[in-house]
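Student: Counting along the sequence shown from 1, when you hit position 108 you're at 406 in our numbering, and nothing is skipped either side.
Pasting a structure here, questions to come.
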Amino acid sequence: MEIWATIVGIAVAVAVAAYLHVRKPAGMGRTMQLVAIAAAAALSAAATGFGLKYLESRDNASVVEQALQVVREAPLVGLVLKENATVEARFRQAIEAELKDPAKIGPQQTFIVGGEVRRDFIVPALRNADDASALGAIAAMHAFVKYLQGTNVVLCKEFGLVGIQQPNRLDGNGGALFRRALSAQEEAYLNGRARPAAAAAAQQQQQITSQEVIRLLTEAGFTTADFNTLAALAKASDADGCAITVKLYGAPALLPPQSGGILARYLLSIS
């Protein structure tokens, strides 16, 4: 299902946002800044990225239900809907409004709701996940991109930039690893949702800064050349772009558990 594609897999692009706060490699230009912005937007859009393709139907009630079912089945977003009836109602209203008057300028109303759901529910929960859950989610993503590195570097680089737009391009093993990565991210979300308030409050004090991202990645072995490749990912060769994607997802596991957990939560929750 296409809406699964950008839920994970864009950490490489959005991680550039932190790098841009600290240093700007020569020749980077505005292109990569736009990639980082677009990647963050794609993460929100994934919640409602079905493109309203069902709107060609004559049965509006059926259309709304079909579109809602797509949202219910989306990773993370579907969990939020199960826990919050009001969120589903907001999606329903947005879909109905879009059906009556599709947006011609600016984001779709469903896109806006998806971004709000990520901001208000998904990101806080991922930031509250414990070290083991966050590291597990990133490790699952690392296993997925590592597999792609050995089988399809083009798709691997694409995943680093914008996620996988067509999961059916994956072979059987790749699809299984992709689903595992999505499942692990949901496990981290549920862990963060269930953690005691005191633990969550203490963890909020560990929120990472842009400078800290650079420090942790450097501690995990990132060099100036790596940062330059990361910042110019769109222009990198498929092999180099894939390699830096793999290296980024592997970075948290190379740090002590607490530091690795901090970096993992950042990669999971940046928006």
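Just so it is clear, CB atoms sit at the ideal spot from N, CA and C, and this is done for glycine as well.
What is the DSSP secondary structure of N450, counted as helix, strand or coil?
Tutor: Reduced to three states, the DSSP call for N450 is coil.
Student: Candidates A541, A372, Q556: which alpha carbon is nearest E456's?
Tutor: Minimum Cα distance to E456 is reached at A541.
Student: Where are the alpha helix (DSSP H) runs, 4 residues long or more, that stay fully inside the region 468-530, in chain order?
Tutor: If we require 4 residues or more, the alpha helix (DSSP H) runs fully inside the region 468-530 come out as 470-492, 495-502, 508-517, 522-529.
Student: Can you list, in chain order, the residues of its chain whose CB lies under 7 Å from that of M326, leaving out five sequence neighbours each side?
Tutor: Since pLDDT at M326 reaches only 38, below the 50 mark, its modelled position is unreliable, and the value read off the structure follows with that caveat. Here the set comprises A529, A530.
Student: For the alpha helix (DSSP H) containing K545, list its first residue and its last residue.
Tutor: Here the alpha helix (DSSP H) through K545 covers 536-548.
Student: Throw me the rounded Cβ distance for the P373 and Q483 pair, which I believe falls under 8 Å.
Tutor: About 7 Å; that satisfies the 8 Å criterion.
Student: Spatial neighbours of S355 within its chain, please: C-beta separation below 7 Å, excluding the five flanking residues on both sides.
Tutor: Residue placement at S355 is poorly supported in this model, since its pLDDT is 49, which falls under 50; the coordinates still yield a value, given next. Hits under 7 Å: V361.
Student: Using the C-alpha atoms, what's the distance from V511 back to N382?
Tutor: So the alpha carbons of these two residues sit roughly 33 Å apart.
Student: Just to check my reading of the structure: Y564 and M439 have Cβ atoms closer than 8 Å, yes? What is that Cβ distance to the nearest angstrom?
Tutor: That pair is no contact at about 13 Å.
Student: If contact is defined by three or more beta carbon pairs under 8 Å, each pair taking one atom from either stretch, is the region 458-474 in contact with the region 420-433?
Tutor: No: fewer than three Cβ pairs fall under 8 Å.
Student: Here's the rule I'm using: 16 or more other beta-carbon atoms within 10 Å means buried, otherwise exposed. How should G470 be labelled?
Tutor: G470 comes out exposed.
Student: Please classify T346: does DSSP put it in a helix, a strand, or coil?
Tutor: Any answer about T346 is weak, because its pLDDT of 41 lies below 50 and its placement is not dependable; what the coordinates show is given next. Three-state result, T346: helix.
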